[in-house]
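Residue numbers (the UniProt record's numbering): 1 to 478.
Below you can see the structure in the form of structure tokens.
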């Protein structure tokens, strides 16, 4: 367990380790250059317990501290903790009992997230811990690649060394490479009980701010590239696609936006690594992303940083940023970057132009200006097919239309969903089911929202029914 300036919490952590119902444990604490009273508080909490040893590291980071402790460990299994968290009293007994009953090389458990005002479990956001599962390979359940923390599991020490695992000497995300390699190296068991309580310290600057800095960002992307290579060595296309889908939705987006927003040259290396990651993603890994993220990733892959920055910094106004540049060129670049850019831009139009037009508190002159800008943007190259019929009606209003007419048309455009988008979701479900792709069908079904059904009920017209019947008849004839 690495410790660095965690004096406020380390006594609770040590106490939770001393109270484990599995008594036969060896605990190696590594002081990583603390400048507060961490060591003194840890020694007081240990109170002479012979199972505990304090080692003194180089002050070079948690990864080296953990690697030092691993080199000194004598137990059959390795477990990891941080100096400000809590380990539930039965955690290690549950994990060891499971490992001994099946011979598993790694056993992973659910975990708690402690925040000042609430306590949650990991399975609330990632439902993969609902029951005991044995002998899993990562290809069986790729979603575990979303959980690459080191502290909610035990790993057989002999397996760790035979797989040549170690924590990467990285300023950020130093455990994701080792855990990804572990997933790829051997089978594992899962237990549903929470075996760790992670303390999310509100206002802590160490990890939160580091992902906004060029050095730690570079390190994170390097670690992610190493993870990608480990997954790709398994030569499983579906697994690689699912791995990429997860990091594109969460990890890369959380880190990558900082590299996009900051124009300074200090971020150039991080941006290069970001491009390498995004450009290598399989096409199918983008399918479940919202259209805005798909568009931004398409722009990143083409190094269209100005346009990507304008979209990510939506508080500055994406469309206004477009208009401040060469509008036609910006729209063309967006559409070129991603084939779904029309739909993504339609969503941006609705949020940034149409919603303010529908707001009665928007000044009249601003409402008229926004309507003119809407017409200019659509005219610059957005496909009319990406707009709802109510949005098209709003765009088609003449230049001299009254403010009242503009507001009424904008309100209709806001209230009505896109029939094309809602129908496309239903088609995706039906197409996957027809191909026998049950998982794909279920994943597509989760994207359908109540408003999609309401949109179809309100927006379907006789011509839509006739068109659907013609297409069905054509398929039956084929």
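Note that beta-carbon positions come from the ideal geometry of N, C-alpha and C, so glycine has one too.
When DSSP builds the beta bridges, which residues end up paired with residue i?
{"i": "residue 194", "result": "110"}
{"i": "residue 479", "result": "This structure cannot speak to residue 479, because the chain is shown only from 1 to 478."}
{"i": "residue 291", "result": "Answer is none; residue 291 lacks a bridge partner."}
{"i": "residue 115", "result": "118"}
{"i": "residue 54", "result": "29"}
{"i": "residue 188", "result": "136"}
{"i": "residue 2", "result": "30"}
{"i": "residue 86", "result": "197"}
If we count the other Cβ atoms within 10 Å of its Cβ and call it buried at 16 or more, is residue i buried or exposed?
{"i": "residue 13", "result": "buried"}
{"i": "residue 104", "result": "buried"}
{"i": "residue 180", "result": "buried"}
{"i": "residue 399", "result": "exposed"}
{"i": "residue 238", "result": "exposed"}
{"i": "residue 195", "result": "buried"}
{"i": "residue 349", "result": "buried"}
{"i": "residue 109", "result": "buried"}
{"i": "residue 116", "result": "exposed"}
{"i": "residue 294", "result": "buried"}
{"i": "residue 230", "result": "buried"}
{"i": "residue 60", "result": "exposed"}
{"i": "residue 190", "result": "buried"}
{"i": "residue 558", "result": "Not covered by the structure: residue 558. The range shown for the chain is 1 to 478."}
{"i": "residue 164", "result": "exposed"}
{"i": "residue 16", "result": "buried"}
Whole angstroms is fine: what's the gap from residue i's alpha carbon to residue j's?
{"i": "residue 97", "j": "residue 24", "result": "13 Å"}
{"i": "residue 114", "j": "residue 371", "result": "47 Å"}
{"i": "residue 175", "j": "residue 7", "result": "23 Å"}
{"i": "residue 173", "j": "residue 70", "result": "18 Å"}
{"i": "residue 208", "j": "residue 397", "result": "Low confidence applies here, because residue 208 scores a pLDDT of 44, under 50, leaving its location unreliable and the question unanswered by this model."}
{"i": "residue 269", "j": "residue 305", "result": "14 Å"}
{"i": "residue 156", "j": "residue 72", "result": "15 Å"}
{"i": "residue 111", "j": "residue 227", "result": "23 Å"}
{"i": "residue 263", "j": "residue 303", "result": "12 Å"}
{"i": "residue 76", "j": "residue 149", "result": "20 Å"}
{"i": "residue 94", "j": "residue 188", "result": "14 Å"}
Please state whether the Cβ-Cβ distance between residue i and residue j is less than 7 Å.
{"i": "residue 284", "j": "residue 241", "result": "yes"}
{"i": "residue 279", "j": "residue 308", "result": "no"}
{"i": "residue 345", "j": "residue 292", "result": "no"}
{"i": "residue 406", "j": "residue 367", "result": "yes"}
{"i": "residue 274", "j": "residue 256", "result": "yes"}
{"i": "residue 184", "j": "residue 234", "result": "yes"}
{"i": "residue 81", "j": "residue 151", "result": "yes"}
{"i": "residue 65", "j": "residue 30", "result": "yes"}
{"i": "residue 219", "j": "residue 171", "result": "yes"}
{"i": "residue 79", "j": "residue 154", "result": "yes"}
{"i": "residue 162", "j": "residue 186", "result": "no"}
{"i": "residue 85", "j": "residue 198", "result": "yes"}
{"i": "residue 411", "j": "residue 358", "result": "yes"}
Kindly give me the distance between the Cβ atoms of residue i and residue j, rounded to whole angstroms, as I take these residues to be in contact under 8 Å.
{"i": "residue 354", "j": "residue 387", "result": "Residue 354 to residue 387, Cβ: 10 Å. No contact."}
{"i": "residue 277", "j": "residue 224", "result": "6 Å"}
{"i": "residue 254", "j": "residue 212", "result": "The Cβ separation is near 10 Å, so there is no contact."}
{"i": "residue 38", "j": "residue 1", "result": "At roughly 11 Å, the Cβ-Cβ gap does not stay under 8 Å, so residue 38 and residue 1 are not in contact."}
{"i": "residue 177", "j": "residue 91", "result": "In fact, because the Cβ distance is near 24 Å, the residues do not count as touching under 8 Å."}
{"i": "residue 107", "j": "residue 192", "result": "About 12 Å separates the two Cβ atoms, so there is no contact after all."}
Could you check whether the Cβ of residue i sits closer than 7 Å to any Cβ belonging to chain C?
{"i": "residue 106", "result": "The structure shown contains no chain C; it holds only a single protein chain."}
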